Structures are given as structure tokens and as C-alpha cells.
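Asker: Take this structure first; my questions come after.
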Amino acid sequence: MSQQFIHPDQLQKSTTENYSSPSLEQILAGVKARKKFIPVKGVILDRHIPEGYALVEKQFGSQKFSILLPNKLVYFVSHPGEGGNPLEALSSVSEFYNEVREFEKGLISEGKTNAIESNWAVRAGESYETYLVNYIISGETKGGNLTPGYNLAVLEELNIPLISLKDLKFSATRDQSSKTIETMKLIASICLGVSPDQLAVCDLGNLVKHVTISEEKTLSGAEASTMACYMGSHWELKPEYRINPITGAEREIARRGMGQALNVEEFVRQQQRALNLDLLPHPFIKEKGESYISLPKVDELLNQLVTEVKDTVRPEIVPHLKNIYSMYINMGLIGEANPQAWLPTEPPKLSKEV
Amino acid sequence: MDPPKRVKIKLSKSDIKRDMWHALAFMSKLRRDSLIDGEYTSEQQEAYLQHVYNLSSQIDILMDNPMFDKLQPLADRLGSRSVYSSYDPIQTYWKWKVPTFISELRDAALNVFREGFYETEQAYHLLQAVKYLGTKDISAEGRGAFHSTILPFQNPLPREFCYGDKSSLKENKNFSLEGNGSDLLTLKVNVNPRCNKRSLPFNLVGEAKERGYIKIRMAITGNHWVESKEEFIMRGFRPVSIDASPARTPIPMYLTVEAEINREKLPVKKVLNPLDYLESAAKLSISDITQPEHYPELTERKKDIVNRIGNPPEGVAIATHVDYPNSCLRITHSLVVEGFNKQQDLYWTNNGRYLVCVISSLPSPLTLVKPPAPMPLHECFSLPLGPAQIAPTFKIYSPHRISKLDPLDEVMISDKTSKEKLLQICEEPNVKYVHLRRFMEGVTVEDFEGFN
Chain A
916 MSQQFIHPDQ LQKSTTENYS SPSLEQILAG VKARKKFIPV KGVILDRHIP EGYALVEKQF
976 GSQKFSILLP NKLVYFVSHP GEGGNPLEAL SSVSEFYNEV REFEKGLISE GKTNAIESNW
1036 AVRAGESYET YLVNYIISGE TKGGNLTPGY NLAVLEELNI PLISLKDLKF SATRDQSSKT
1096 IETMKLIASI CLGVSPDQLA VCDLGNLVKH VTISEEKTLS GAEASTMACY MGSHWELKPE
1156 YRINPITGAE REIARRGMGQ ALNVEEFVRQ QQRALNLDLL PHPFIKEKGE SYISLPKVDE
1216 LLNQLVTEVK DTVRPEIVPH LKNIYSMYIN MGLIGEANPQ AWLPTEPPKL SKEV
Chain B
22 MDPPKRVKIK LSKSDIKRDM WHALAFMSKL RRDSLIDGEY TSEQQEAYLQ HVYNLSSQID
82 ILMDNPMFDK LQPLADRLGS RSVYSSYDPI QTYWKWKVPT FISELRDAAL NVFREGFYET
142 EQAYHLLQAV KYLGTKDISA EGRGAFHSTI LPFQNPLPRE FCYGDKSSLK ENKNFSLEGN
202 GSDLLTLKVN VNPRCNKRSL PFNLVGEAKE RGYIKIRMAI TGNHWVESKE EFIMRGFRPV
262 SIDASPARTP IPMYLTVEAE INREKLPVKK VLNPLDYLES AAKLSISDIT QPEHYPELTE
322 RKKDIVNRIG NPPEGVAIAT HVDYPNSCLR ITHSLVVEGF NKQQDLYWTN NGRYLVCVIS
382 SLPSPLTLVK PPAPMPLHEC FSLPLGPAQI APTFKIYSPH RISKLDPLDE VMISDKTSKE
442 KLLQICEEPN VKYVHLRRFM EGVTVEDFEG FN
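The listed protein sequences correspond, in order, to chains A and B.
Per the working numbering, residue 916 is the first one in the first sequence, and the count goes up by one each step.
Per the working numbering, residue 22 is the first one in the second sequence, and the count goes up by one each step.
Pasting the structure below:
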């Protein structure tokens, strides 16, 4: 069917005040349903702000966008990494993220734009990433200095083996733990475009920084009045491991294992030499007998890892398992070798019963 | 302790730009995933549209007059013929037949993404955002129709549009073309047993590339004239050399040709698919770096627009900029000054894959050495940089030791002010965008960008 593209004479600039204002009843219904993201418009008096919620206004130039946000999420999103149990934060932030995305669908159907609103989704995604880091990592004091280390209790619960140098050598044993390591190595090697025996264990200290206010700090009036200052401490990724103009796209390029002027056939042969084929999912060996061999999909390998443990862990962890594995592989095996090759993480959709 | 009842957050331009990279990153991911599969699910399509909405929102809020001037021609084209909305960088048709469109697209992408623009893929995502922005004020039905053209990748161009009646791929008594099926980018050709030797579609591969297929599956059964497989391959496919493999291959780089003769499979041939960005990447990896090839020549030089922009956020922006030329310029060119550890005065400019550093005081004697391994940039210079994976190509000059310089370097090491240097570089042919930054003791002291 041929379509005729109609568009206005000019690409007109819009304002962000383009979403319909919910009625008070709708707001109350949202609060009752414990919604995490309730957009509001117009003047709201303090006494009209529901208990347990804060009114957060984001502004760019003269344009504003306000939402009602549960208190806890105020610092989950504006102080990522802080505020107690990372697992609780992961779930709350995911719910928030998905509600933002749901709201966006309404704007999309009306063809509207709202950059301030879309900033919420990005912030939630970053916050989620930081809580993932804090879920996997805990600090340990070595020689008076706080250094990052893996949270062994978490790894044990998730049945994730701690990767050591020894594991990076090809092991002959085929127990579950070494199989998990082999799969993670395969994912990392695809991301980096190297063979598994070229991987190295990463030093966490180079990837994350400890963020805290450890000395006296004078806050400006604006900071004190506009931010809730929860002084705590957390670990977060250094800026170079977060999305920026290059890393965002290039990590994806590298993720597919096609960077570095790679000879695909040679690459696949190397991997097959290094690994037992029973680890490899269908697409990897599809058409193996022919000269066309497609690369395995990282997603499928991650799903394979998730499938193996999802029945043995607490149900509230399950939706985050894939992201936890991705972050663990990022920090444990990809690391500094290529920040662009890091696996992306996105807050998952949670089923209602979780 | 509960947070205050009211919280205000002020967003800056850099916050919005950062969001833009997020949107682009996810769009690239979706595009790549679906291209590899040759199909997209409705979830992928919906997610892609959502990221297009994000990108459109960010462009909309940042849009100034120069950006508007670059985007409007794209909207005009989309409005003039619906086939423009089917553009995909895989289709080589546009490059050869409508080069002005490609040039407009690149100009727009350069204006929007600036130094973050490094591949044609981004221009594709930008075009989807323009589609979205252009359908704001139309009826819901019309908008829905256009939103349905916002896809991770586009279907191959219609035969009639590219060739009219002259297509080699026109179905006739010699060929039957199978429907697309689930794999949208694979062309399935069944050669009928009665097809004679001369009716072989010699232009098949070229045409498939132009229209945007990434794979051809050809089945030949019962044709007695096929004397040898080799001959068939030579005549039918004319594979080109694939030695010049570019450094970065985000999406399918070859048109894969699979053929069967009497049910016996032939070795698969891969024909280099000269996608825009691949070509530019390949050229850049072997060409003289002082000749920016990425951007098309200027037809009309416009007046410079020089903006003073603020300091970048700590670490991120600078590292990013330094990363940028890495992606094409390989480490083999890298030179590090031995014994040099504290930079005094460092400039860099970026006119499409070009980086130059000028250091006003260098230790004497100056020795240039090849780094033993990729070296993080921040180790070369005491700059607040992240560990760049590969040391970028540096040209390091001492003003006292000038041998042979290209015109841009001469400008850079002259005694002019940064602003004058920027203006002069903007005058150079082929220069479309310049970002000039000056560091002192690791701190940005001047930051200018200019368009030509």
C-alpha cells in the first residue's frame, strides 16, 4: 500500500506542556494503586500532595514537567545507589521505568514530544544500573582502604561462581559451575571479539568508584533546598563505562563481536576449539557444515544462564537475573578491555505477582 | 527521614544531549538485532518507535535555527515522495542515484550529533525522528500510517521505483521469485529448468544491493547447460575481493549469495556490500588522515556560526571526543613523546576524523616513539580522561621543529587566538564542523565549535 506522507509546512517546535492533566480523581486512583509515576500539571498546594509522595518538578529553560513520585523513589532515582536494599530498589525502579514507558505510549499515539519526560526514563535506567552494581559489589577494607569486592553471599545465592584466573584456563571438568563460567567466557569473548583464552580477570577497582561525602561539605542554598541530601555511600560505575556518544553505540557494535576487523570464520573456529559444542546454542552451530556460520546471539546465551538458576532463587530476583549476569560479565570479564563492549542493561518488566 | 514535599531539578543542554545518546544506543541495538535476524517482532517495532519518540523529543527541545535549516529539507523530501520514508543505508540506490539526499542527511546528522556523528546508521535513526516530528499535527489515522514506517530497518525498495520495467529481477518465464516470507531481506530466486544460459540475470547481485537485500538464495534445478559450478560462480556472481575488511562492521557487511545447483549447494559467496559507512571507514583506515573523507564536499560555504559552549562534564565529554577518531584511525599511527608527561598547552580540532595536538613547550630533544601497546590517553597526557581503549592518532608538533605540515596543522600552531584559528579552519575546503578545545594543565580553558 503506498502511503502519502503529509507533514506540516514546518517542523514546529512544541512545548512540553502537551500532556493532558489528570483529574484529582485520577491522581487519587494512581496513589491508591501505588503508582510510581503520576504526571501532574498546574499549581499543586502542599496539602494536596498525597502522603508518602513528593512533587518533583523538572525544568529545562521555561518548560516544566512535574510528577508525583513515592518518597522512596525520590532518592532511588535522584540518589542512585543509596537508600537501603538494592534488590528493593531494582524492583521499584523497574516498575517506575515501565510506568514512564507506558505514559510515553500515550504521547506517541498523539504524536507529541516531551524531552523532560523522556529524561525520567533515562535517569531510571541509570539508577537501575547503579543498583545492579551495588547488588553485586560490596566494599571490603584492605589495609585501611575501602576496596570494592564481589558480594559473595549474593553470588552464592545466584549460583554464580567467582571468576578467578584459574577459571580462565580451559577446564576439563564439566560440572555446573565450570559450565556457567564457560558460558560467561563465551559471552565476553563474543563481546570483545577475542577467543576465550585471551580473556583476563578484571580489577573492580578500575571500574567502579566509591561515592560518599566523607569530609565537611558546604551545600549551596539551592542544593540544600532542592535536593534531599541523604548522606550515605555507594559504588557506581566510572563515567567511561556509562553510555556516552561513542560508548553507547559502539558497545553495541562490539557486543556483536564484529568489531576489530574480525575474520568471522577464524573467530568461530577459535571459539569452537576452545569450547565444547554442547554449550553452544542453536544459532551458533546452525549451518555449521556449510561455510556460512552465524555468530551466536548473546541474548540467547544469557537466557541459557538464567534458565539454569531461575528455579532455585527467590522469585523477586528472577526478573533481574539477566541484567545481573550482564553486569557481572561486564565487570568480571569485559571490564577495561573495551568499555564500548559492555552488555547493556534495561529495567525489566515485572509481572504483577512479584 | 522523608524527602521534602517538593523537589526541583533543572536540566541543562548537556543532560538532554546525554539522553540523546541513550536513545541512539538503544535504537542501534534494536536495529542490529533485527538486521541479524532479517526480521523484527512487533515488540521490537514498538520499542524502536519509543526510542524514536525519545530522540525526537530531545531534538525538538534543542532545535535552534541552524538545526531547523538542516532538518527541514529532509522533511520536505519525506513530504514530496513517500519512497523517501523507505530509505535505509543498506540500499545503495540512494548513494548512486540521489546523492543530494544522502548529503542532506549527513549534514543534518552532523548538525544534530556533532562530534558524536560517526556513522550513517545514526543518520538513519535521525530520519526516523524527522518522520516522527513531521507527523505531529496530522490526523491520528495518518500519523498511525507514518508511525508504521518507523522501523528498525526498511524493506527493500520496490522494483518499480528503482528500475521501472528494466529490472533484472522481474519475474518471467526464466525465474520465479519467492515471497519475502519472514526473512524480509533475503531474495529467493528459483531458476526454472527451461531457463537458458543467456537468460542468467547478470545484474542480479548489483540490483539486490541497490534495493537493499542482504542475502540472495538462488536455486537452480535441472538446467543442463550448467557446465561447472565454478563457471557459474564466475559468470553469475563476480565476487569482489573482501580483503579490505573495514575495521568496524556494525551490520551485515556482505551481501551473502547462496546458490544451489541440482540441489547441491555451492560454496557461499560474500560480496562486499558497499554501505556508506563501511566505505568511509575503510577509506579512513588507509587514507591520509589529513584528508577528511567522511563528509561530502561543500557546494556552498555558509557563514560561520561560532558558539561558545560551556565546560564539558568532568571526564565524560573529553574522553568521548578523544575516543571519536579512535574508531577509525588505528593505533599504528600513534606516536607518543618520550619523557613527556605534563602537557602545557594542548589543542585539538575535529574536522571529521582529525585530531591535532599542539604542545607549546616540548622537552628537547624531541623523540617520537611508537607505543608498545595501546595506551590510555590519560597516561600520555595529564588530562582528566577516561581510559580510552586505543590511543588516538596524535600529531604532536613543537612550534620550533616544523618540518612538513599540512595547512590545518599550520593554522593550529600559529600564534593566532583560538577563535581566529577556528574561523580559519572553517574556511578550509571540506571542513563542515570544527570543535576546538584548549587545555591548560588538564583543564579546559577555551571551547569553541564552528560550522561551515
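Cβ atoms here follow ideal geometry from the backbone N, Cα and C, with glycine treated the same way.
Please read these numbers as outputs of a predicted model, since none were measured by experiment.
State the DSSP-derived secondary structure class of G1059 (chain A), mapped to helix, strand or coil.
Answerer: Within the first sequence, residue 1059 (chain A) is the residue found at index 144, counting from 1. G1059 (chain A) falls in the coil class under three-state DSSP.
Asker: Any beta-carbon of chain A closer than 8 angstroms to the one on V133 (chain B)?
Answerer: Taking the second sequence and counting its residues from 1, one reaches residue 133 (chain B) at position 112. Output row for V133 (chain B): interface = no.
Asker: So who's on the other strand from W1257 (chain A), going by DSSP bridges?
Answerer: Taking the first residue of the first sequence as position 1, residue 1257 (chain A) is located at position 342. In the DSSP output, where bridge partners are listed per residue, W1257 (chain A) has none listed.
Asker: Taking the beta strand (DSSP E) that V989 (chain A) falls in, what are its first and last residues?
Answerer: Indexing the first sequence from 1 puts residue 989 (chain A) at position 74. Run containing V989 (chain A): none in the beta strand (DSSP E); it sits in the alpha helix (DSSP H), N986 to S993.
Asker: What residues of chain B sit near Q974 (chain A), judged by a beta carbon separation below 9 angstroms?
Answerer: One-based indexing of the first sequence puts residue 974 (chain A) at position 59. What Q974 (chain A) touches in chain B: K29, I30, K31 and L32.
Asker: Between A:C1117, A:T1260, A:S1053 and A:L983, which has its C-alpha nearest V1069 (chain A)'s C-alpha?
Answerer: Walking along the first sequence from the start, residue 1069 (chain A) turns up at place 154. Nearest of A:C1117, A:T1260, A:S1053 and A:L983 to V1069 (chain A), Cα basis: A:S1053.
Asker: Can you check which of these residues, A:K1237, A:E1071, A:K1225 and A:A1252, is closest to E1044 (chain A) by C-alpha distance?
Answerer: Within the first sequence, residue 1044 (chain A) is the residue found at index 129, counting from 1. Comparing Cα positions, the closest option is A:K1237.
Asker: State the Cα-Cα distance for the pair N332 (chain B) and D468 (chain B), rounded to the nearest angstrom.
Answerer: Taking the first residue of the second sequence as 1, we reach residue 332 (chain B) at position 311. Taking the first residue of the second sequence as 1, we reach residue 468 (chain B) at position 447. With a pLDDT of only 26 at N332 (chain B), under the threshold of 50, the placement of this residue in the model should not be trusted; the figure read from the coordinates follows. Roughly 7 angstroms between the two C-alpha positions.
Asker: Pull up the distance between the alpha-carbon of F1011 (chain A) and that of V1221 (chain A), whole angstroms please.
Answerer: What you label residue 1011 (chain A) is simply residue 96 of the first sequence in a count that begins at 1. What you label residue 1221 (chain A) is simply residue 306 of the first sequence in a count that begins at 1. Cα-Cα distance, rounded: 24 angstroms.
Asker: Need the endpoints of the beta strand (DSSP E) that K474 (chain B) sits in, please.
Answerer: Residue 474 (chain B) cannot be examined here, being either before or after the span of chain B that is shown, 22 to 473.
Asker: Run through DSSP, which three-state label would D468 (chain B) get?
Answerer: Working through the second sequence from its first residue, we reach residue 468 (chain B) at position 447. In the structure shown, D468 (chain B) sits in a strand (DSSP, three-state: E or B).
Asker: When the Cα of V1276 (chain A) is compared with those of A:K956, A:E1071, A:S1007 and A:M1099, which residue comes out closest?
Answerer: Within the shown structure, residues of chain A are numbered from 916 to 1269, placing residue 1276 (chain A) beyond reach of any answer.
Asker: Going by DSSP, what residues sit across from R39 (chain B) in a beta bridge?
Answerer: Within the second sequence, the letter at position 18 stands for residue 39 (chain B). Partner(s): none; R39 (chain B) has no beta bridge.
Asker: List the residues of chain B whose Cβ lies closer than 8 angstroms to the Cβ of N1034 (chain A), in chain order.
Answerer: Against the first sequence, residue 1034 (chain A) aligns to sequence position 119. Going along chain B in sequence order, the residues near N1034 (chain A) (Cβ under 8 angstroms) are L32, D36, I37 and D40.
Asker: Using the Cβ count rule (16 or more neighbours within 10 Å means buried), how would you classify G233 (chain B)?
Answerer: For the purposes of this step, residue 233 (chain B) is taken as the residue at position 212 of the second sequence. That one is buried.
Asker: DSSP three-state call for I1249 (chain A): helix, strand or coil?
Answerer: Reading the first sequence from its first residue, position 334 is the one you call residue 1249 (chain A). It is helical.
Asker: F1199 (chain A): buried (16+ other C-beta within 10 angstroms of its C-beta) or exposed?
Answerer: Here the question's residue 1199 (chain A) lines up with position 284 in the first sequence. Per-residue confidence for F1199 (chain A) stands at a pLDDT of 34, beneath the threshold of 50, marking its modelled position as unreliable; no derived number is given.
Asker: Answer with buried or exposed for L939 (chain A), where buried requires no fewer than 16 other C-beta atoms within 10 angstroms of its C-beta.
Answerer: The residue given as residue 939 (chain A) occupies position 24 in the first sequence. L939 (chain A) comes out exposed.
Asker: According to DSSP, which residues form a beta bridge with W1035 (chain A)?
Answerer: Here the question's residue 1035 (chain A) lines up with position 120 in the first sequence. Answer by DSSP bridge pairing: none, since W1035 (chain A) is not bridged.
Asker: Excluding sequence positions up to five away, which residues of its chain have a Cβ less than 8 angstroms from the Cβ of M1246 (chain A)?
Answerer: Position 331 of the first sequence holds residue 1246 (chain A). So the qualifying residues of the chain are V1048, I1051, I1052, C1117, L1119, L1122 and V1123.
Asker: Classify E1055 (chain A) as buried or exposed, calling it buried when 16 or more other Cβ atoms lie within 10 Å of its own Cβ.
Answerer: For the purposes of this step, residue 1055 (chain A) is taken as the residue at position 140 of the first sequence. Exposed is the call here.
Asker: Quick one: measure Cβ to Cβ for L95 (chain B) and V151 (chain B), integer angstroms, because I've assumed they're closer than 8 angstroms.
Answerer: The residue given as residue 95 (chain B) occupies position 74 in the second sequence. The residue given as residue 151 (chain B) occupies position 130 in the second sequence. With 8 angstroms as the limit, L95 (chain B) and V151 (chain B) qualify as a contact, their Cβ atoms being about 5 angstroms apart.
Asker: When DSSP labels each residue in this structure, what does T1127 (chain A) get in the three-state scheme?
Answerer: If you number the first sequence from 1, residue 1127 (chain A) lands on position 212. It is a strand residue.
Asker: Got a sec, what are the start and stop residues for the beta strand (DSSP E) Y968 (chain A) sits in?
Answerer: By one-based count along the first sequence, residue 968 (chain A) stands at place 53. Element bounds for Y968 (chain A): Y968 to F975.
Asker: Quick one: list the residues of chain A neighbouring L70 (chain B), beta-carbon separation under 8 angstroms, in chain order.
Answerer: Indexing the second sequence from 1 puts residue 70 (chain B) at position 49. I1023, listed in chain order.
Asker: Should the segment 76-92 of chain B be called in touch with the segment 142-158 of chain B, which here means at least 3 C-beta pairs below 8 angstroms?
Answerer: These segments touch.
Asker: Return the bridge partner residues of E1223 (chain A) from the DSSP annotation.
Answerer: What you label residue 1223 (chain A) is simply residue 308 of the first sequence in a count that begins at 1. In DSSP, E1223 (chain A) forms no bridge with anything.
Asker: Thinking A1252 (chain A) and L1107 (chain A) are a contact (beta carbons under 8 angstroms), I'd like their distance in whole angstroms, please.
Answerer: Position 337 of the first sequence, counted from the start, is the residue given in the question as residue 1252 (chain A). Position 192 of the first sequence, counted from the start, is the residue given in the question as residue 1107 (chain A). A1252 (chain A) to L1107 (chain A), Cβ: 6 angstroms. Contact.
Asker: Return no unless some Cβ of chain A is closer than 8 angstroms to the Cβ of K157 (chain B).
Answerer: Here residue 157 (chain B) refers to the residue found at position 136 when the second sequence is read from its first residue. Closer than 8 angstroms to some Cβ of chain A, the Cβ of K157 (chain B) qualifies, so yes.
Asker: In chain B, what lies closer than 8 angstroms to N1074 (chain A) by C-beta?
Answerer: The count along the first sequence starts at 1 and reaches residue 1074 (chain A) at position 159. Within 8 angstroms Cβ-Cβ: nothing; N1074 (chain A) doesn't reach chain B, min ~28 angstroms.
Asker: Would you say D1118 (chain A) reaches chain B, if we count a Cβ-Cβ gap shorter than 8 angstroms as a contact?
Answerer: Sequence index remark: in the first sequence, residue 1118 (chain A) carries index 203 (1-based). Judged by the 8 angstroms Cβ criterion, D1118 (chain A) is not in contact with chain B.
Asker: Is the CB-CB distance between I171 (chain B) and Y69 (chain B) below 8 angstroms?
Answerer: If you number the second sequence from 1, residue 171 (chain B) lands on position 150. If you number the second sequence from 1, residue 69 (chain B) lands on position 48. In this structure, Y69 (chain B) lies closer than 8 angstroms to I171 (chain B) by Cβ.
Asker: Could you check whether the segment 1001-1009 of chain A touches the segment 955-974 of chain A, counting it as contact only if at least three pairs of C-beta atoms, one from each stretch, sit closer than 8 angstroms?
Answerer: No: fewer than three Cβ pairs fall under 8 angstroms.
Asker: Check the C-beta distance from S1042 (chain A) over to F980 (chain A) and give it rounded, since I have them as a contact under 8 angstroms.
Answerer: For the purposes of this step, residue 1042 (chain A) is taken as the residue at position 127 of the first sequence. For the purposes of this step, residue 980 (chain A) is taken as the residue at position 65 of the first sequence. In fact, because the Cβ distance is near 18 angstroms, the residues do not count as touching under 8 angstroms.
Asker: Among the residues of its own chain, which have a CB less than 6 angstroms from the CB of L208 (chain B), if the five just before and after it don't count?
Answerer: Indexing the second sequence from 1 puts residue 208 (chain B) at position 187. Same-chain partners within the cutoff: A229, Y234 and I237.
Asker: Taking R1016 (chain A) as the query, report the chain B residues whose CB atoms sit under 8 angstroms from its CB, ordered along the chain.
Answerer: Reading the first sequence from its first residue, position 101 is the one you call residue 1016 (chain A). Those within 8 angstroms of R1016 (chain A) in chain B are Q71.
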